[in-house]
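K.L.:
If you read the sequences in order, they're chains A and B. Read in order, the letters of the first sequence correspond to residues 124 to 404 in this note's numbering. Read in order, the letters of the second sequence correspond to residues 410 to 677 in this note's numbering. Where a beta carbon is used, it is the ideal one built from N, C-alpha and C, also for glycine.
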Amino acid sequence: MFEDFFNVVKKRWGDGEEEYKPPMFKCPRCQGTSPLSKYEELHRVCPKCSYHGRLSSQERIAITVDKDSFKEFNGNLRGADPLDFPDYKEKQAELRGSTGLNEAVITGTASIKGSPVVIGIMDSRFMMGSMGSVVGEKITRAFEYATEHKLPVIMFTASGGARMQEGIVSLMQMAKTSGAVKLHSEAGGLYIAVMTDPTTGGVTASFASLGDIIIAEPKVLIGFAGRRVIEGTIKQRLPEDFQLAEFMYDKGFVDMIVERRKLRSVLSHLLKLHGFYPKEA
Amino acid sequence: MDEKKTAWERLQLIHTKGRPTIKDYIPQIFTDWYEMHGDRLFGDDRAIIGGLARLDGEPVTIIAEVKGRDINENKVCNFAMPHPEGYRKALRIARQAEKFHRPIICFIDTPGAFCGVAAEERGQGEAIAKNIAEFMTLRTPIISIVLGEGGSGGALALGVCDELAMLENAEYSVLSPRGFASILWKDASREQEASELMKITAEDMVRLGVAEAIIEEPLGGAHNDLDKISENIHEYLSQKIPEKCKKDIDVLLKERYTKFRKIGAFTE
Numbered sequence: 124m125f126e127d128f129f130n131v132v133k134k135r136w137g138d139g140e141e142e143y144k145p146p147m148f149k150c151p152r153c154q155g156t157s158p159l160s161k162y163e164e165l166h167r168v169c170p171k172c173s174y175h176g177r178l179s180s181q182e183r184i185a186i187t188v189d190k191d192s193f194k195e196f197n198g199n200l201r202g203a204d205p206l207d208f209p210d211y212k213e214k215q216a217e218l219r220g221s222t223g224l225n226e227a228v229i230t231g232t233a234s235i236k237g238s239p240v241v242i243g244i245m246d247s248r249f250m251m252g253s254m255g256s257v258v259g260e261k262i263t264r265a266f267e268y269a270t271e272h273k274l275p276v277i278m279f280t281a282s283g284g285a286r287m288q289e290g291i292v293s294l295m296q297m298a299k300t301s302g303a304v305k306l307h308s309e310a311g312g313l314y315i316a317v318m319t320d321p322t323t324g325g326v327t328a329s330f331a332s333l334g335d336i337i338i339a340e341p342k343v344l345i346g347f348a349g350r351r352v353i354e355g356t357i358k359q360r361l362p363e364d365f366q367l368a369e370f371m372y373d374k375g376f377v378d379m380i381v382e383r384r385k386l387r388s389v390l391s392h393l394l395k396l397h398g399f400y401p402k403e404a
Numbered sequence: 410m411d412e413k414k415t416a417w418e419r420l421q422l423i424h425t426k427g428r429p430t431i432k433d434y435i436p437q438i439f440t441d442w443y444e445m446h447g448d449r450l451f452g453d454d455r456a457i458i459g460g461l462a463r464l465d466g467e468p469v470t471i472i473a474e475v476k477g478r479d480i481n482e483n484k485v486c487n488f489a490m491p492h493p494e495g496y497r498k499a500l501r502i503a504r505q506a507e508k509f510h511r512p513i514i515c516f517i518d519t520p521g522a523f524c525g526v527a528a529e530e531r532g533q534g535e536a537i538a539k540n541i542a543e544f545m546t547l548r549t550p551i552i553s554i555v556l557g558e559g560g561s562g563g564a565l566a567l568g569v570c571d572e573l574a575m576l577e578n579a580e581y582s583v584l585s586p587r588g589f590a591s592i593l594w595k596d597a598s599r600e601q602e603a604s605e606l607m608k609i610t611a612e613d614m615v616r617l618g619v620a621e622a623i624i625e626e627p628l629g630g631a632h633n634d635l636d637k638i639s640e641n642i643h644e645y646l647s648q649k650i651p652e653k654c655k656k657d658i659d660v661l662l663k664e665r666y667t668k669f670r671k672i673g674a675f676t677e
């Protein structure tokens, strides 16, 4: 009986402690901890080092484009299984359920402070934003639409690279998307790539690196080869800042690093500088 | 043609010592070979060679990934793993081909683009992306042939073309089976299993619409008869290059775009 009483007290104490402890965010860059509420309030920016964390595509739309202006393209496009790869179909179905997304990118038209754009946003929650057939097809169609309608394109990239489960078919999406970017460019189209966390592998080696203007968010990972792969090759630890946005900026592969809170306004200015003004009411 | 060989057996075969490399093929297939060097930006990457030659008497541009035939050659060519300056050299030489109306023949033979600090610093991703995009609209015919390994973006950087041929035992893949196993299962030792699941053989490439032709190898593999395999490659090129050169360039470019545009599996 005493034992039970003791357990109840212990449990209450234990619960109480947890209740009073606010949920914390631990930053993958500076390792510092901050209250999660503060991190969320800043739209997922580390209050200590300004690492720009990952947003869902819906969150990105909410802070980037004019309210209710987003109209999605090809929302029903879903992945197949070109290699009959074990468990791949099940994995896709499971992720569709848990994320509410059909695939790792959403595309569509929208306006930013009145300027019309074609926009694409990759979502790292769906198989690390990897590019398989659906991602390749949606991005290609988005660029083709933009070429046809003489619209600028803004792509928010976030990807672990090619979708392994689609093998060579994934690799070919790099050619497909880059080809569509090239035709858009030859037709005089403006393409702004916004690299968010993480932009790597086959996405870095295709459409992400082909922007007329390349913007990166602070402290995000940008690179071609994975850090562990390189460490394995050179047999030594890489410096902490290797492959961060600031590193790529110093090396000349990023035009500007823009904080999330200023991004909408920077994009709006860049669009207007290229002649994309709000349509007259 | 021996269709019964598994992907794994073919992988062993293309890693056989003595398998011919581009350096063996050039004197067999072409005449008047002049190698050109450097990307005019940083340096000269020996993992990719490029230059001029004649095929059946007509000038062509050759761009090729180079495997070493021994350890000394491999040190020079970095085991056929290019740095960004290699891809930029390829693009420079390809643009010259366009300017002087020469068809381009790319030979792919690489485990992949080099993964290292310097390669990242000089923009490996950007260099590959640029080649892929630019090759898509180069106004001259491009034929690519995978000689052995076609590894990842490092292969695709020379793989945007009007027609892709695979040597019978060559492979083309999104990543080496070893890398694939280590990424997907965190266990590089399952590479054999990966090689079979990944669909990387010449027949797979034709079936998936990635390649248009398979060049037959001598019995037991290319290393068994250099003259014969060179003859087969030569024969393929002698047929394809004039065929592509005759086409209206705008039609050719449209077909090149469509070749890649239609690859993908999805439901709507």
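1) Interface residues of chain A around B:Ser-585 at Cβ under 7 Å?
2) Tell me whether B:Thr-440 is buried or exposed, calling it buried when 16 or more other Cβ atoms sit within 10 Å of its Cβ.
3) Look at B:Cys-570 and B:Ile-541 and say whether their C-beta atoms are less than 8 Å apart.
4) Keeping to the same chain, check which residues put their C-beta closer than 7 Å to that of A:Ser-238; ignore five residues upstream and five downstream.
5) Kindly list, in the order they appear in chain B, the residues whose Cβ is closer than 8 Å to that of A:Gln-366.
6) Which same chain residues end up closer than 6 Å to A:Lys-236 when comparing Cβ atoms and leaving out the 5 residues on each side of it in sequence?
7) Examine chain B for any beta-carbon lying closer than 8 Å to the beta-carbon of A:Gln-215, and answer yes or no.
8) Name the chain C residues whose beta carbon is nearer than 9 Å to that of A:Met-245?
9) DSSP three-state label for A:Ala-203, please.
10) By DSSP, does B:Val-469 sit in helix, in strand, or in coil?
11) Measure the alpha-carbon distance for A:Phe-128 versus B:Pro-586 and round it to whole angstroms.
12) Rounding to the nearest angstrom, what Cα-Cα distance links B:Phe-608 and B:Gly-618 in this structure?
13) List the residues of chain A whose Cβ lies closer than 9 Å to the Cβ of B:Leu-617, in chain order.
14) Assuming A:Glu-226 and A:Gly-202 make a contact with CB atoms under 8 Å, what is their CB distance in whole Å?
15) Assign B:Glu-664 to buried or exposed, taking buried as 16 or more other Cβ atoms, counted over all protein chains shown, within 10 Å of its Cβ.
16) For A:Met-287, return the contacting residues in chain B, with the cut-off set at a CB-CB distance below 8 Å.
17) Hey, does B:Arg-501 have any beta-carbon neighbour from chain A nearer than 8 Å?
18) Any idea which residues DSSP pairs A:Ile-380 with across the strands?
19) Count the other CB atoms, across all protein chains shown, that sit within 10 Å of the CB of A:Ser-221; report buried if there are 16 or more and exposed otherwise.
20) Rounded to whole angstroms, what's the CA-CA distance from A:Arg-248 to A:Val-228? Just pull it up for me.
21) Are there three or more Cβ pairs, one per stretch, closer than 8 Å when the stretch 154–173 of chain A is compared with the stretch 190–202 of chain A?
22) The alpha helix (DSSP H) spanning A:Thr-280 covers which residue range?
23) DSSP three-state call for B:Arg-463: helix, strand or coil?
24) Which value, in whole angstroms, describes the spacing of the CA atoms of A:Tyr-174 and A:Val-326?
25) Could you check the C-alpha separation between B:Ala-590 and B:Lys-637 for me, to the nearest Å?
26) Determine the DSSP secondary structure at A:Asp-156, reduced to helix, strand or coil.
27) Taking the continuous alpha helix (DSSP H) assigned at B:Cys-486, which residues delimit it?
28) Would you say A:Ala-339 lies against chain B (beta-carbon separation less than 8 Å)?
29) Measuring alpha carbon to alpha carbon, tell me which residue in A:Val-240, A:Asp-204, A:Pro-205 and A:Thr-156 is nearest A:Arg-387.
30) Our contact map puts B:Ile-517 next to B:Leu-567 with C-beta atoms below 8 Å; I'd like the distance itself, whole angstroms only.
31) Using the Cβ count rule (16 or more neighbours within 10 Å means buried), how would you classify A:Val-132?
32) Below 7 Å between beta carbons is the criterion; list the residues of the stretch 662–676 of chain B that meet it against any residue of chain A, in chain order.
33) Take A:Val-292 and list the residues in its own chain whose beta-carbon comes closer than 8 Å to its own, dropping the five residues that flank it on each side.
34) Establish whether the CB of A:Leu-333 and some CB of chain B are separated by less than 8 Å.
35) Go through its chain and collect everything with a Cβ distance to B:Ile-705's Cβ below 8 Å, but skip five positions before and after it.
36) In the DSSP assignment, find the unbroken beta strand (DSSP E) run with B:Ile-551 in it and report its ends.
P.N.:
According to the structure shown:
1) Ordered by position in chain A, no residue passes the 7 Å Cβ test against B:Ser-585, which lies about 11 Å from the chain.
2) exposed
3) no
4) Ser-391, Leu-394, Lys-395, Phe-399, Tyr-400 and Pro-401
5) Glu-529
6) Ser-391
7) no
8) Among the protein chains in the structure shown, which are A and B, there is no chain C.
9) coil
10) strand
11) The predicted position of A:Phe-128 is uncertain, since its pLDDT is 49 and thus under 50; a value taken from the coordinates is nonetheless stated next. Each residue's alpha carbon lies about 59 Å from the other.
12) Residue identity check: residue 608 of chain B is Lys in the sequence provided, not Phe. B:Lys-608 and B:Gly-618: Cα-Cα distance of roughly 12 Å.
13) Pro-205, Leu-206, Gly-290, Ile-291, Val-292 and Met-295
14) 6 Å
15) exposed
16) Val-583, Leu-584, Phe-589, Ile-592 and Leu-593
17) no
18) A:Ala-339
19) exposed
20) 10 Å
21) no
22) Not the alpha helix (DSSP H): A:Thr-280 falls in the beta strand (DSSP E), residues 276–282.
23) strand
24) 21 Å
25) 35 Å
26) The question names Asp, but residue 156 of chain A is Thr in the sequence shown. A:Thr-156: strand per DSSP, three-state reduction.
27) 480–486
28) no
29) A:Val-240
30) 5 Å
31) At A:Val-132 the pLDDT is 47, less than 50, meaning the model places this residue with poor confidence; the figure from the coordinates comes in the next sentence. Result: exposed.
32) Tyr-666, Phe-669, Arg-670, Ile-672, Gly-673, Ala-674, Phe-675 and Thr-676
33) Pro-205, Leu-206, Gly-255 and Ser-256
34) yes
35) Examination of residue 705 of chain B is not possible in this model, given that chain B is present from 410 through 677 alone.
36) 551–560
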